[in-house]
Every structure is written in structure tokens, then in C-alpha cells.
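In full-length UniProt numbering, the protein residues as written are 1 to 160.
Here a beta-carbon is modelled for each residue, glycine too, at the ideal position from N, C-alpha and C.
Here's the structure we're looking at; comments come further down.
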């Protein structure tokens, strides 16, 4: 198949190694001798999240948008980072594509695939403290945080 797009000529062939008038002497035979690229890691997307800390109840409320995601496709873990020793509550899972495979003209704006969102929590937080409920595509997490401490102002770290 060939045609013109503006002043540029383009040629589409079923055999990409075949030399064409648009690409004389094209030789892709040696490409099979090159080292293979490592496989790409699956893309993950971040979940839209609203968070609010209530100083009267000392509770952190987090609401994560998970439209169309089943409760069975969501996993919540609580772990301590071995390097920073920060405690993280992590929500992960899979959002499935709801439309059938592409047929004709398809517009996809919803994200699908693996998602992940981590929230820093106080070091004394235990899994029994975290209350999770999923309703109408919103995962709501209630995390007791204890009394807030006086925050020191941020300090600049010099760059050498």
C-alpha cells in the first residue's frame, strides 16, 4: 500500500525487511543478532485519593476512587519500609477493562490495569486499627493516628 501524505511519500509493506523505493538498501536482517531488550514492567497507575485528618477525633480519612473495581480485586497491606522505617498502608489491585476488545472506533478514557497507592501512617498503627469499606466505587479507609505532634518547619538540605 502506498500513498502520499503532504509532500512525504510513505510505503507500508507486510515484510518490514524488504527494500522499497522509499527506503533503498534497508537491511534489517542483522537485528536478530542484537541483544534482546528486557521486558517492560507492567504499568501501574496511581488512584485519585482525597485525604483529611480530623484533629478532634485524631482520625485520618482516605477516600480512593475505584470505579468498576470489585472488592475482591483490591488488596490492602500494612508494612514497614526496611530503609526509612516508615509505616505504609498500601492499596493495590486491578481495574479491568469493561469494554470488549477494540471493534471499530473506540474511545478509552478510564484507566485499567494494576493500580497502587501508599499512605504513610503512624509507626504504632496495627492492621486491627484500619477500618476499610467499599461502597459505590469509593474505598474509604479510617486510620486512627493519635494526637498530632507539633510539626517543625521544613529545613532546606544543602546540595554540595
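query                                                                                                                 : result
Reduced DSSP category for residue 97 - H, G, I as helix; E, B as strand; rest coil                                    : coil
Short Cβ contact (7 Å threshold) for residue 69 with residue 92                                                       : no
Sequence-distant residues of the same chain with beta carbon closer than 7 Å to residue 144, five excluded per side   : 58, 59, 129
Distance between beta carbons of residue 127 and residue 64, contact taken as under 8 Å                               : 18 Å between Cβ atoms; not a contact.
Any beta strand (DSSP E) of 3 or more consecutive residues that is wholly inside the UniProt domain "SHSP" (42–160)   : 44–46, 49–54, 59–65, 74–80, 87–95, 113–121, 131–135, 138–144
Whether residue 89 touches residue 121 by CB criterion (7 Å)                                                          : yes
DSSP three-state assignment for residue 23, whether helix, strand or coil                                             : With a pLDDT of only 48 at residue 23, under 50, the local geometry of the prediction cannot be trusted, and the value read off the model is given with reservation. Three-state DSSP puts residue 23 in a strand.
Proximity to residue 73 [Cα-Cα], best of 134, 152, 56, 103                                                            : 134
Given residue 124 as reference, the closest of 156, 86, 155 once Cα atoms are compared                                : 86
Status (buried if at least 16 other CB within 10 Å, exposed otherwise) for residue 47                                 : buried
Spatial neighbours of residue 21 in its chain, beta-carbon cut-off 6 Å, leaving aside the 5 residues before and after : Confidence at residue 21 is low in this model, with a pLDDT of 49, below 50, so its placement is unreliable and the value that follows should be read with caution. Closer than 6 Å at the Cβ level, and outside the excluded window around residue 21, lies no residue.
Residue 148 versus 55, 113, 131, residue with shortest Cα-Cα distance                                                 : 55
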